[in-house]
Amino acid sequence: MPEVAVAEAEFREIFDSAAPGGTTLVPLTHNPSNGVTEGVWRVKGGGRSAVLKVLTRTKETNVAWAASNDPRHWNFWRREAYVYQSGLAQVWQRHGIRAPRLLACAERPDGDLALWLEDVPGEPATAWPLARHVEHAHRLGAAQGAVGAGEDRPWLSQGFLRDYTASKTTGQDLLDDDEA
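Residue numbers (my numbering): 1 to 180.
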């Protein structure tokens with residue numbers, strides 16, 4: 001859980017007001033093994049809400065999910081902040097995928113980054129029927145293709161799929177195990 005006082009101060013700054021009765025932080029589901037993500041919370045106060053995602057490079061985790069300082073690495077810890085700040089996430093809108101709006105990106109004294117994002121209502125993908133997953137996968141593919149030639153930024157990953165799969169340590173013995 002992030003330091004509540006820090007989150008409250010950032011919340012007051014973003015919404016330009018104090019939350020009467022205090023601010024509440026509710027943890028949201030995310031991959032806790034990823035060394036880039038310290039945590040994700042819905043923050044409520046004063047009749048408003050936002051999503052706080054803290055990016056870090058210092059979280060201890062297994063090697064497969066370790067954060068990287070290399071901007072081209074598939075798990076570069078600052079990439080998500082750069083995507084939001086550059087407007088690159090907006091490229092996906094024409095494919096029917098809208099990223100939450102970035103409200104603020106606060107660099108904390110410990111070097112972590114706090115992404116304050118629009119709190120978007122919706123249904124978790126775990127509740128989607130198969131057809132919706134298929135449609136969304138198609139949209140994601142089209143959106144990723146739109147960020148192709150001419151969109152090279154120093155922090156975009158190169159060879160993501162190759163590097164990501166090579167970093168996983170699933171044993172070869174599972175390939176011959178029909179039960180696996």
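Idealized CB from N, CA, C, for every residue including glycine.
How would you label Ala50, buried or exposed, when you count the other beta carbons within 10 angstroms and need 16 or more for buried? By 1-based counting over the sequence shown, the position of residue 50 is 50. Counting Cβ neighbours within 10 Å, Ala50 comes out buried, since at least 16 surround it.
Under 9 Å, do Phe76 and Ala67 count as touching if we go by C-beta distance? One-based indexing of the sequence shown puts residue 76 at position 76. One-based indexing of the sequence shown puts residue 67 at position 67. Contact annotation: Phe76 and Ala67 have beta-carbon atoms nearer than 9 Å.
Over the uninterrupted beta strand (DSSP E) stretch that includes Ala50, give me the two end residues. In the sequence shown, the residue the question calls residue 50 occupies position 50. Secondary structure note for Ala50: its beta strand (DSSP E) is the uninterrupted segment 48-55.
Would you report the Cα separation of Ala106 and Glu38, rounded to the nearest angstrom? Mapped onto the sequence shown, residue 106 falls at position 106. Mapped onto the sequence shown, residue 38 falls at position 38. Distance between the alpha carbons of Ala106 and Glu38: 14 Å.
Checking 9 Å against the spacing of the C-beta atoms, do Trp92 and Leu102 come in under that value? Position 92 of the sequence shown holds residue 92. Position 102 of the sequence shown holds residue 102. The Cβ-Cβ distance between Trp92 and Leu102 does not fall below 9 Å.
Restricting to Cα atoms, I'd like to know which of Leu55, Val63, Arg94, Asn62 is closest to Tyr82. Locating residue 82 in the sequence shown gives position 82, where the first residue counts as 1. When each option's Cα is compared against that of Tyr82, the closest is Leu55.
Round the Cβ separation of Arg42 and Asp119 to the nearest angstrom and send it over; I've been treating them as touching at under 8 Å. Here residue 42 refers to the residue found at position 42 of the sequence shown. Here residue 119 refers to the residue found at position 119 of the sequence shown. For Arg42 against Asp119, the beta-carbon gap comes to about 6 Å, under 8 Å, which counts as contact.
Reference Gln85, options Asp70, Ala7, Glu10, Arg153, closest by Cα: Within the sequence shown, the letter at position 85 stands for residue 85. Nearest option by C-alpha distance: Arg153.
Residues that DSSP places opposite Thr37 in a beta bridge: Within the sequence shown, residue 37 is the residue found at index 37, counting from 1. For Thr37, which the question treats as bridged, DSSP gives the partners Leu55.
Run of the alpha helix (DSSP H) containing Leu156, from where it starts to where it stops: Position 156 of the sequence shown, counting from 1, holds the residue named residue 156. That residue, Leu156, is in no alpha helix (DSSP H); it is neither H nor E in DSSP.
Assumed close pair Thr24, Lys44 - CB separation to whole angstroms, cut-off 8 Å: By 1-based counting over the sequence shown, the position of residue 24 is 24. By 1-based counting over the sequence shown, the position of residue 44 is 44. Right, the Cβ-Cβ distance comes to about 5 Å (below 8 Å), so this counts as a contact.
In whole angstroms, what is the alpha-carbon distance linking Asp178 and Asp70? In the sequence shown, counting from the first residue as 1, residue 178 sits at position 178. In the sequence shown, counting from the first residue as 1, residue 70 sits at position 70. The alpha-carbon atoms of Asp178 and Asp70 are separated by roughly 38 Å.
Nearest neighbour of Glu10, chosen from Phe160, Val36, His136, Arg108 [CA to CA]: If you number the sequence shown from 1, residue 10 lands on position 10. When each option's Cα is compared against that of Glu10, the closest is Arg108.
Between the Cα of Pro27 and the Cα atoms of Asp16, Val36, Val40, which residue gives the shortest distance? Indexing the sequence shown from 1 puts residue 27 at position 27. Nearest of Asp16, Val36, Val40 to Pro27, Cα basis: Val40.
Just confirm the distance between the C-beta atoms of Arg139 and Gly96, as a whole number of angstroms; I'd bet it's less than 8 Å. Taking the first residue of the sequence shown as position 1, residue 139 is located at position 139. Taking the first residue of the sequence shown as position 1, residue 96 is located at position 96. Taking 8 Å as the upper bound for CB-CB distance, Arg139 and Gly96 are in contact here, some 5 Å apart.
If you draw a straight line from the C-alpha of Asp16 to the C-alpha of Pro100, how long is it? For the purposes of this step, residue 16 is taken as residue 16 along the sequence shown, with counting starting at 1. For the purposes of this step, residue 100 is taken as residue 100 along the sequence shown, with counting starting at 1. Pro100 has its alpha-carbon roughly 20 Å from the corresponding atom of Asp16.
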